Amino acid sequence: MGLALVEARAALATGDVPVGAVVVDPAGTVLGAGRNAREATGDPTAHAEVLALRLAAAARGEWRLDGCTLVVTLEPCTMCAGAAVLARVRRIVLGAWDPKAGATGSLWDVVRDRRLNHRIEVVGGVREDECADVLTQFFLGHR
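Position 107, counted from 1, in the sequence shown is what the numbering used here calls 104; the numbers after and before it change by one each time, with no gaps.
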């Protein structure tokens, strides 16, 4: 989660919402890291999780990320939760929950929907206060 927080804070330089993500393989090796870059790139899909998943798939040389863990500072939205399901991620470790848009247990539970062909273990609340504080400080400065 520490590396994901470093990524989140780096997003502040481009005015992006400070969310960071890291994908690690079963041995704990970092395969990909990302931060929100929608403002920086003008790409609506440039969420931290999607960017980290893309880099991890490139590092592995395949789209299947079996056994991997996605670590993210904020609960993934429906797009990112869906991307994690499609990538066959084993586990999502998240910091702050997102009751307004979260899709791994708060508002929706895309990653454990029995209608889908893959389900993901979710571990929430890791360094939650620290992750939430980065976001709170960002939004206080934008209101």
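Every residue, glycine too, gets a C-beta built ideally from N, C-alpha and C. None of the values given here were measured: they were computed from a predicted structure.
* Please say whether residue 131 and residue 2 have beta carbons closer to each other than 8 Å? => Reading the sequence shown from its first residue, position 5 is the one you call residue 2. Reading the sequence shown from its first residue, position 134 is the one you call residue 131. Their beta carbons are under 8 Å apart, which means residue 2 touches residue 131 by this criterion.
* From this set, 115, 85, 67, which residue's C-alpha is nearest residue 123's C-alpha? -> To locate residue 123, count along the sequence shown from 1; it is residue 126. It is 67 whose Cα lies nearest to the Cα of residue 123.
* 4-residue-minimum alpha helix (DSSP H) runs that sit fully inside the region 12 to 70, ordered along the chain -> 35 to 38, 45 to 57
* Alpha carbon to alpha carbon, how far is residue 16 from residue 0? -> The count along the sequence shown starts at 1 and reaches residue 16 at position 19. The count along the sequence shown starts at 1 and reaches residue 0 at position 3. One C-alpha to the other measures close to 11 Å.
* Asked: Are the region 72 to 86 and the region 102 to 118 touching by the rule of at least three beta carbon pairs closer than 8 Å?
  -> Yes, since at least three Cβ pairs between the region 72 to 86 and the region 102 to 118 fall closer than 8 Å, the two stretches touch.
* Inter-stretch contact (C-beta, 8 Å, three-pair minimum) for the region 34 to 46 and the region 5 to 23 -> With the cut-off at 8 Å, the region 34 to 46 and the region 5 to 23 touch.
* What is the rounded straight-line gap between the Cα of residue 74 and the Cα of residue 40? -> Indexing the sequence shown from 1 puts residue 74 at position 77. Indexing the sequence shown from 1 puts residue 40 at position 43. Distance between the alpha carbons of residue 74 and residue 40: 16 Å.
* N- and C-terminal bounds of the alpha helix (DSSP H) containing residue 6 -> Here residue 6 corresponds to residue number 9 of the sequence shown, with the count starting at 1. DSSP places residue 6 in the uninterrupted alpha helix (DSSP H) bounded by -1 to 8.
* To do: Return the chain-ordered list of same chain residues with a C-beta closer than 7 Å to the C-beta of residue 5, the five sequence neighbours on each side being excluded.
  => Position 8 of the sequence shown, counted from the start, is the residue given in the question as residue 5. If we look at residue 5 and ignore the five residues flanking it on each side, its Cβ neighbours are 15, 16, 17, 32, 70, 131.
* So, helix, strand or coil for residue 83, using DSSP? -> Taking the first residue of the sequence shown as position 1, residue 83 is located at position 86. Correct three-state label for residue 83: helix.
* Asked: If you follow the alpha helix (DSSP H) that residue 127 is part of, which residue opens it and which one closes it?
  -> Taking the first residue of the sequence shown as 1, we reach residue 127 at position 130. 125 to 137 is the span of the alpha helix (DSSP H), which, as asked, contains residue 127.
* Start and end residues, beta strand (DSSP E) containing residue 120 -> Your numbering for residue 120 matches position 123 in the sequence shown. Run containing residue 120: 118 to 120, per the beta strand (DSSP E) assignment.
* **residue 53 beta carbon less than 8 Å from that of residue 29** => If you number the sequence shown from 1, residue 29 lands on position 32. If you number the sequence shown from 1, residue 53 lands on position 56. The answer is yes: Cβ separation under 8 Å.
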